[in-house]
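*Asks:*
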Amino acid sequence: MRRAQSVRHYAKSSLAIGADDLGVLKEDESVEDVLRRQLLDKDRECDRLQIQIQSLQAQLAQRPPLEKIQALEKEYTHLELILQGTQRENERCMAELERGKVREKMLERELEKLAGANWQTNLDIAPASASGFHARAAGLVNSGKSSSPAKEKSSLSASTSDASQSQASIEATKAYLEQVRLAILGMEQRMQSREDKLAKHIERAEAEGARFEEIRKQVLPASSS
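Quick note: the sequence shown uses the working numbering, first residue 987, plus one each step.
Here is the structure:
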């Protein structure tokens, strides 16, 4: 009698555990229906995962080979170094131009003392354009080595004091002014050459910068994927 009660109790417990595993049964829903519904849910989940796998495989197939990515990264670094060097060169040239502008102003003041306010007309030097003005400025850095302001000042004082005394002093002053005029014209030519060189540096920097940007656009998406 006790054994029969134990068997009945075990059967009820098994059914209760099975019901818990299958979830709450709906009214008029059998265990097979619950299992079938769960199987359909799993099938949908498998389909979703399969689609995701195919999408990832397609992205992986579009990704360039590792060797190409490494080559692009190496070229990216190389171009970055070139760009940094070009930028430093441009900054150095611009600083030199600024120093030349200051020295040019000093020379212009000395020429004004020597030849008067219209020294450009007196020395037959055409007024410079804005770009030519800045271009000649750097060339005047070298001119300071050959003719110092002290020497020009001395010549100015000598020519001014002796101009009224002898024609020889006037001719000497004219000859000196002619030398100054030729020196300035020579500096203009040298600065024009330097300006052309700087323009080539800038053009190269812009080309390298554009190439640098293109490489960066290629490397970043490949690295992120």
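Backbone N, C-alpha and C fix where the C-beta goes; we use that ideal spot for every residue, glycine too. None of these values were measured; they are calculated from a predicted model.
Where residue 1184 and residue 1055 are concerned, what is the direct C-alpha to C-alpha distance, given to the nearest angstrom?
*Replies:* Those two C-alpha atoms are separated by around 34 angstroms.
*Asks:* What's the gap between the Cα of residue 1016 and the Cα of residue 1036?
*Replies:* Near 30 angstroms, if we compare the C-alpha coordinates of residue 1036 and residue 1016.
*Asks:* Helix, strand or coil for residue 1103? Go by DSSP, reduced to three states.
*Replies:* Three-state result, residue 1103: coil.
*Asks:* Under a three-way DSSP split, which group does residue 1015 fall into?
*Replies:* In this structure, residue 1015 counts as coil in the three-state DSSP scheme.
*Asks:* To the nearest angstrom, report how far apart residue 1028 and residue 1066 are at their CA atoms.
*Replies:* Whole-angstrom Cα-Cα distance: 52 angstroms.
*Asks:* Secondary structure at residue 1049, three-state DSSP: helix, strand or coil?
*Replies:* Reduced to three states, the DSSP call for residue 1049 is coil.
*Asks:* Below 8 angstroms between beta carbons: does that hold for residue 1191 and residue 1073?
*Replies:* Against a cut-off of 8 angstroms, the Cβ pair of residue 1073 and residue 1191 comes out as a contact.
*Asks:* Apply the 10 Å Cβ neighbour rule to residue 1039 and answer buried if 16 or more other Cβ atoms are within range, or exposed otherwise.
*Replies:* Exposed, because fewer than 16 other Cβ atoms sit within 10 Å of the Cβ of residue 1039.
*Asks:* Keeping to the same chain, check which residues put their C-beta closer than 8 angstroms to that of residue 1069; ignore five residues upstream and five downstream.
*Replies:* Same-chain partners within the cutoff: 1191, 1194, 1195, 1198.
*Asks:* Suppose contacts are defined by Cβ-Cβ distances below 8 angstroms. Is residue 1061 in contact with residue 1201 by that definition?
*Replies:* Yes; because the gap between Cβ atoms is below 8 angstroms, this pair is in contact.
*Asks:* Using the C-alpha atoms, what's the distance from residue 1181 back to residue 1088?
*Replies:* Going from the Cα of residue 1088 to the Cα of residue 1181 covers about 17 angstroms.
*Asks:* Between residue 1165 and residue 1057, what straight-line distance do the alpha-carbon atoms span, to the nearest angstrom?
*Replies:* For residue 1165 and residue 1057, the distance between alpha carbons rounds to 58 angstroms.
*Asks:* What separation, rounded to the nearest whole angstrom, lies between the Cα atoms of residue 1171 and residue 1098?
*Replies:* One C-alpha to the other measures close to 17 angstroms.
*Asks:* Just mark residue 1080 as buried or exposed, buried being the case when its beta carbon has 16 or more other beta carbons within 10 Å.
*Replies:* Classification of residue 1080: exposed, given that the 10 Å Cβ count is below 16.
*Asks:* Quick check on the burial criterion: 16 or more other C-beta atoms within 10 angstroms. Buried or exposed for residue 1093?
*Replies:* Buried.
*Asks:* Report all residues from its chain with a CB closer than 6 angstroms to the CB of residue 1009; omit the five preceding and five following residues, and keep chain order.
*Replies:* Its pLDDT being 48, under 50, residue 1009 is placed unreliably by the model, and the measurement read from it follows with that caveat. Closer than 6 angstroms at Cβ, skipping near neighbours: no residue.
*Asks:* Below 8 angstroms on the Cβ atoms is my guess for residue 1059 versus residue 1205; work out the distance and round it to an integer in Å.
*Replies:* The pair is a contact, with the Cβ atoms about 6 angstroms apart (cut-off 8 angstroms).
*Asks:* Just to check my reading of the structure: residue 1187 and residue 1084 have Cβ atoms closer than 8 angstroms, yes? What is that Cβ distance to the nearest angstrom?
*Replies:* 17 angstroms between Cβ atoms; not a contact.
*Asks:* Use the C-beta contact count for residue 1101: other C-beta atoms within 10 angstroms, 16 or more gives buried, fewer gives exposed.
*Replies:* So residue 1101 ends up on the buried side.
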